[in-house]
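S.K.: There's a structure below that I have some questions on.
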Amino acid sequence: MNFSYSRMFVLFIAFLGVTFAVLAGETALAYLGGFQLNFLFALALYFFALGIGSLFPFGFFRQNRSSRNFILLFLLLISGGFSVSFLFWIKSIHLSNLAFSSLSYFLSLAVGYLSGFIISETAKNDAGSPREALVAVAIGTFSGLVYCAFLSALKIDFLFSSYISGLAGSVLLLIFSARKKSFWESGSNTSLLFFAVAIIVFIFCLQNNKAIGDYLINNYLSRI
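Heads up: the sequence shown begins at 4 in this note's numbering, then just goes up one per residue.
Right, dumping it as structure tokens:
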């Protein structure tokens, strides 16, 4: 992987991670009565976990590079792309506000940890100097926050926003895995298959976005 390609990959993961964290935080903010402290705390947890993930990766992922890259990116897509759906469903079964906020915080931590580890390992192995990797992270994070502000200004619902972000991530990672098969070592064919499946799933969710939202709302109302 050449340097410029690695830097773009780091930028993209930073963009994707902060986008997922903001969407999860906004969902928690909407359901918890507009307490902005919850949103800010969720975002703070994301940035905290971003640092922890870069410093303290699990031993399994250190020792299994061929599995590591694919598993981490796939987990990031799933935990982020379906975070809003999961939180909507959790709220529909009428968990307490404390349990709901705890789960939203956990999602922020998970997304942050996964993003941090992926960024750190990519920068360490392929991206040249730490300064250039940090610049890529800063640009990616800023772009993600601007993107979320744009979605909010257009009043696009959270479900659609999470699915379209997950779809964009799946498409770009499919392209990346097709062009840079050495990044996956022996798992290249598996990564192509799973990212292709993820694209199909996110497209299905986008096409049925209203039906999914109606189902979750009706499920919530039926339990009142």
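Glycine residues also receive a C-beta, built at the ideal position from the N, C-alpha and C atoms. Just so it is clear, the structure is predicted and the values come from calculations on it, not from any experiment.
Whole angstroms is fine: what's the gap from F207's alpha carbon to D217's?
M.R.: 16 Å
S.K.: Straight-line CA distance for V87 to Q39?
M.R.: 17 Å
S.K.: Helix, strand or coil: how does DSSP classify S99 here?
M.R.: coil
S.K.: Do you know offhand how far L35's Cα is from S111's?
M.R.: 16 Å
S.K.: Report the residue from L117, L137 and G83 whose alpha carbon sits nearest the alpha carbon of S9.
M.R.: L137
S.K.: Classify I159: buried if its beta carbon has 16 or more other beta carbons within 10 angstroms, exposed otherwise.
M.R.: exposed
S.K.: Below 8 Å on the Cβ atoms is my guess for G143 versus A17; work out the distance and round it to an integer in Å.
M.R.: 3 Å
S.K.: So, using beta-carbon positions, are G84 and S173 closer together than 9 Å?
M.R.: yes
S.K.: Alpha carbon to alpha carbon, how far is A130 from N221?
M.R.: Confidence is the limiting factor: at A130 the pLDDT is only 49, short of 50, which leaves the residue's position unreliable, though a coordinate-based value still follows. Answer to the nearest angstrom: the Cα atoms are 48 Å apart.
S.K.: Is the separation between the beta-carbon of L90 and that of S105 shorter than 9 Å?
M.R.: With contacts defined as CB atoms closer than 9 Å, L90 and S105 fail to qualify as a contacting pair.
S.K.: Look at the Cβ atom of V1, then the Cβ atom of L46, and state whether they are nearer than 9 Å.
M.R.: Limits of the chain in this structure are 4 at one end and 227 at the other, which puts residue 1 out of reach.
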